[in-house]
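First comes the structure, then the notes that go with it.
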Amino acid sequence: MSEPTAGELLEPEVVATVRGEPFAELPRDLYIPPDALEVFLETFEGPLDLLLYLIRRQNLDILDIPIAEITRQYMAYVDLMKDLRLELAAEYLVMAAMLAEIKSRMLLPRPPSADEDEEHDPRAELVRRLREYEQFKEAGSDLDNLPRVARDIFPASAAAPSLRPATRAPQVDLAELLAAFAEVLERAQMFSHHQIQREALSVRERMSETLTRLDGERFLALTDLLRAEEGRAGVVVTFLAILELLKASLVELVQAEPFAPLYLRSGALMSEGEGVVV
Amino acid sequence: MSEPAMENILHAALLAAGEPLSVERLQSVFPDEAMPEKKAVEMALQRLQQSLEGSGVELRQVASGYRLQVPEVYAPWVARLWEEKPTRYSRAVLETLAIIAYRQPITRGEIEEIRGVALSSQIMRTLQERGWIRVAGHRDAPGRPAVFATTRDFLDYFNLSSLRDLPTLMEIAEPGPEHPELDLEVPVQGGE
Amino acid sequence: MSEPAMENILHAALLAAGEPLSVERLQSVFPDEAMPEKKAVEMALQRLQQSLEGSGVELRQVASGYRLQVPEVYAPWVARLWEEKPTRYSRAVLETLAIIAYRQPITRGEIEEIRGVALSSQIMRTLQERGWIRVAGHRDAPGRPAVFATTRDFLDYFNLSSLRDLPTLMEIAEPGPEHPELDLEVPVQGGE
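Chains as they are written, first to last, in the numbering used here: chain A, 1 to 278; chain B, 1001 to 1192; chain C, 2001 to 2192.
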């Protein structure tokens, strides 16, 4: 693991954990071979990272930064970057200016009677930013250590059985059906003048039933269609259904001779059929 | 931690790959210095197969090697993972169904007359495939047109015990009681 | 033939899917008339998990549902299946991702402020292309800057079921006045 390409996004995290790495043993006079230095400097993620490195390398208390010394070191690195013509982000210079400003404010005598001196420590804002940055620097590497798909864990899959495409049929509710019907009727009324009346559904149902029975049996005695247990209303319904079917030419009534039993037969058979039509 | 059993490693590799792996490829998941013999891999595969028996996955040998696959018996369930979202029926379908339900038995021509537009055969096919309508007979008229009626499945789907339970138009006309009274008992006048 | 046990059906569905499935999606593999309750599915998942113990696969709950996955211990073997090394991400990418994860929703400007450097659009593009972050809205401030948040895919990818499972942020050395408590909902315990 060496020589990450500069600026490459997905570069290995090579020297990133600077502490403990060989580079951490930089001579105090900052001399390192230019090639190595280049790599070294490019591992910093910005001025906060560089500053944090300087502080941590010397085990300094982040809450009590010796600002003059740190500024001197920081400037030395920045100058080196300039000399090496590394692409120096403007932020490094902004930080340099900020350090210089803090340094100068530290040199000014503080008004003794000022309120809380803590609050007026010119370093406070810098300390806050350094600590916040350090937190997320750490969080970034924690994130990297989480088990990750395709590196540490692998989604399990197996070949699916051969599949028939399934489609789930649309759902309908009764109210929708009724609404659709109402709409049709309303529209139909606009076209024609004849009044569509409220229907006796039981008749309609009996019509369908009768057709179905005839489908299987071709001929049915009229009496077979009447069911005593349905009572008078049932008989009426059946008769009405048969009359409707006759009217719609869906069935015919046949009779072999006068007073013989009446038979119903399916309209489908009529063309071949014979017999007395009542 | 001790090293996992060879069949577990093979299980893991086959699941992670999600495709058939040859015995050579399976051998190659072990470090060079601990690469098992072909024979050993095959025996471990056999143990794996046994351990998977009666589970939702099975080990199969196919042309390019071994693969884990979901047995055919699970196809009906697995297929539902990819089924399309239920769509809605078009107004044309609903209207046609409603007309058939309330005016059955009815020919296609009569449906068209009521709706005032031609009926696409797609609509009738949709309703027939759904099992809600069927041809109930043929009318003795030129062309012997089929007449359509609703089915028992239709009633079941809408939780009706008979067509009589279909709501009447009165119910939408005035928001009265849910099912005021249906018109069976005294079917005074039918037809149009 | 009798119907397979529910846990086997779930096992089959999860393997055939090869991706996390929500409980709702798992319910939907059953036919409408036999769809189990959520609770029943969860219990069957528990039985499945138990039956898989000590095998080369585990059931894990991640953000978008349940997933069968090869556990970490098998990574050394499984990784040998592929020549390519898994992608590594630069510190810049990881830090940016961490800031978004812990401080979401957050603007680009705020990320830059924390990191102390300008954010290359390449980084944001990488994170968006991976599907780990998305624009969650716009701040009502001059320029209406976009605010970024992490996605469910991000959690799935890092084996997390919610943001709460993220490792806790490093303790700040001393109770500084500036950041009394960090804003992760319940930073109880990190990772696994």
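Cβ atoms here follow ideal geometry from the backbone N, Cα and C, with glycine treated the same way.
Quick caveat, the model's predicted, so the values are computed rather than measured.
First and last residue of the uninterrupted alpha helix (DSSP H) at residue i
| i | result |
| --- | --- |
| Val2134(C) | According to the sequence provided, residue 2134(C) is Arg. The question's Val does not apply to it. No alpha helix (DSSP H) contains Arg2134(C), which is instead part of the beta strand (DSSP E) from Ile2133 to His2138. |
| Phe1030(B) | Neither: Phe1030(B) is in no alpha helix (DSSP H) and is coded neither H nor E. |
| Gly1062(B) | For the record, residue 1062(B) in the displayed sequence is Val; it is not Gly. Unbroken run through Val1062(B) is the beta strand (DSSP E), Glu1058 to Val1062; no alpha helix (DSSP H). |
| Arg2047(C) | Lys2038 to Leu2052 |
| Glu1003(B) | Taken as a continuous stretch (DSSP letters only), Glu1003(B) belongs to no alpha helix (DSSP H), as it is neither H nor E. |
| Ala259(A) | Per the sequence shown, residue 259(A) should be read as Phe rather than Ala. No alpha helix (DSSP H) holds Phe259(A); DSSP gives it neither H nor E. |
| Tyr92(A) | Ala90 to Leu107 |
| Thr2168(C) | Per DSSP, Thr2168(C) belongs to no alpha helix (DSSP H) and is neither H nor E. |
| Ser141(A) | Ala124 to Asn145 |
Beta carbon proximity, residue i to chain C, threshold 8 Å
| i | result |
| --- | --- |
| Phe219(A) | no |
| Phe1158(B) | no |
| Val1029(B) | yes |
| Ala139(A) | yes |
| Arg1080(B) | yes |
| Arg129(A) | yes |
| Gly1056(B) | yes |
| Ile1111(B) | no |
| Glu45(A) | yes |
| Asn1008(B) | yes |
| Phe40(A) | no |
| Ile153(A) | yes |
| Gln73(A) | no |
| Ala158(A) | yes |
Coil, strand or helix - residue i by DSSP
| i | result |
| --- | --- |
| Tyr2157(C) | helix |
| Tyr2089(C) | coil |
| Pro47(A) | helix |
| Ile55(A) | helix |
| Arg1115(B) | helix |
| Thr2107(C) | strand |
| Ser1162(B) | coil |
| Ser1120(B) | coil |
| Ser208(A) | helix |
| Ile2099(C) | helix |
| Arg2080(C) | helix |
| Arg265(A) | strand |
| Val289(A) | Residue 289(A) lies beyond the residue range present for chain A, which begins at 1 and ends at 278; the question has no answer from this structure. |
| Leu1021(B) | strand |
| Ala1075(B) | helix |
| Ile153(A) | strand |
Boundaries of the beta strand (DSSP E) in which residue i is found, first to last residue
| i | result |
| --- | --- |
| Thr2150(C) | Ala2146 to Thr2150 |
| Phe219(A) | Phe219 to Ala221 |
| Arg2067(C) | Gly2065 to Val2070 |
| Leu253(A) | Val251 to Gln255 |
| Val85(A) | Contrary to the premise, residue 85(A) reads as Arg rather than Val in this sequence. Looking at the DSSP string, Arg85(A) is not in any beta strand (DSSP E), and its letter there is neither H nor E. |
CB contact check: residue i to chain A, cutoff 8 Å
| i | result |
| --- | --- |
| Pro2116(C) | The sequence shown places Gly at residue 2116(C), rather than the Pro named in the question. Yes, Gly2116(C) counts as interfacial toward chain A. |
| Ala2075(C) | yes |
| Asp1032(B) | no |
| Gln2050(C) | no |
| Pro1004(B) | no |
| Leu1026(B) | no |
| Arg1125(B) | no |
| Ser1149(B) | Per the sequence shown, residue 1149(B) should be read as Ala rather than Ser. Output row for Ala1149(B): interface = yes. |
| Met2170(C) | yes |
| Ser1162(B) | yes |
| Gln1104(B) | yes |
| Pro2036(C) | no |
| Arg1067(B) | yes |
Residue i: CB within 7 Å of a non-hydrogen atom of the ligand GTP
| i | result |
| --- | --- |
| Tyr2089(C) | The ligand GTP is not among the ligands present in this structure, which contains no ligands whatsoever. |
Closer than 8 Å to chain E by CB, residue i
| i | result |
| --- | --- |
| Pro2071(C) | Here chain E cannot be found, since the structure's protein chains are A, B and C. |
Closer than 8 Å to chain B by CB, residue i
| i | result |
| --- | --- |
| Asp215(A) | yes |
| query | Are there three or more Cβ pairs, one per stretch, closer than 8 Å when the region 147 to 154 of chain A is compared with the region 1052 to 1069 of chain B? | reply | no
| request: Could you name the residues of the region 2086 to 2102 of chain C whose beta carbon sits closer than 9 Å to any beta carbon of chain A, in the order they occur along the chain? | output: Pro2086, Thr2087, Arg2088, Tyr2089, Ser2090, Arg2091, Ala2092, Val2093, Leu2094, Glu2095, Thr2096, Leu2097, Ala2098, Ile2099, Ala2101 and Tyr2102
| For the region 1129 to 1146 of chain B, which residues have a beta carbon sitting closer than 8 Å to at least one beta carbon of chain A? | Arg1130, Ala1136, Gly1137, His1138, Arg1139, Asp1140, Ala1141 and Arg1144
| query | Which residues, taken in chain order from the region 2013 to 2024 of chain C, show a beta carbon closer than 9 Å to some beta carbon of chain B? | reply | Ala2013, Leu2014, Leu2015, Ala2016, Ala2017, Gly2018 and Leu2021
| query | Do the region 2034 to 2052 of chain C and the region 2074 to 2090 of chain C meet, that is, are 3 or more Cβ pairs less than 8 Å apart? | reply | no
| task | Decide if the region 88 to 100 of chain A is in contact with the region 68 to 80 of chain A; the criterion is three or more beta carbon pairs, one per stretch, under 8 Å apart. | result | yes
| said: Between the region 1070 to 1084 of chain B and the region 2104 to 2122 of chain C, can you find at least three pairs of beta-carbon atoms closer than 8 Å? | reply: no
| Between the region 1092 to 1111 of chain B and the region 1143 to 1156 of chain B, do three or more beta carbon pairs fall short of 8 Å? | yes
| message | Below 8 Å, how does it come out for the region 2026 to 2038 of chain C and the region 237 to 246 of chain A: are there three or more Cβ pairs, yes or no? | response | no
| message | When you compare the region 2051 to 2060 of chain C with the region 1007 to 1019 of chain B, are there three or more beta-carbon pairs, one atom per stretch, that lie closer than 8 Å? | response | yes
| field | Positions along the region 167 to 178 of chain A whose CB lies within less than 9 Å of some CB in chain B | value | Thr167, Arg168, Ala169, Pro170, Gln171, Val172, Asp173, Leu174, Ala175, Glu176, Leu177 and Leu178
| message | Under 8 Å: do the region 176 to 183 of chain A and the region 207 to 214 of chain A share three or more Cβ pairs, one atom per stretch? | response | no
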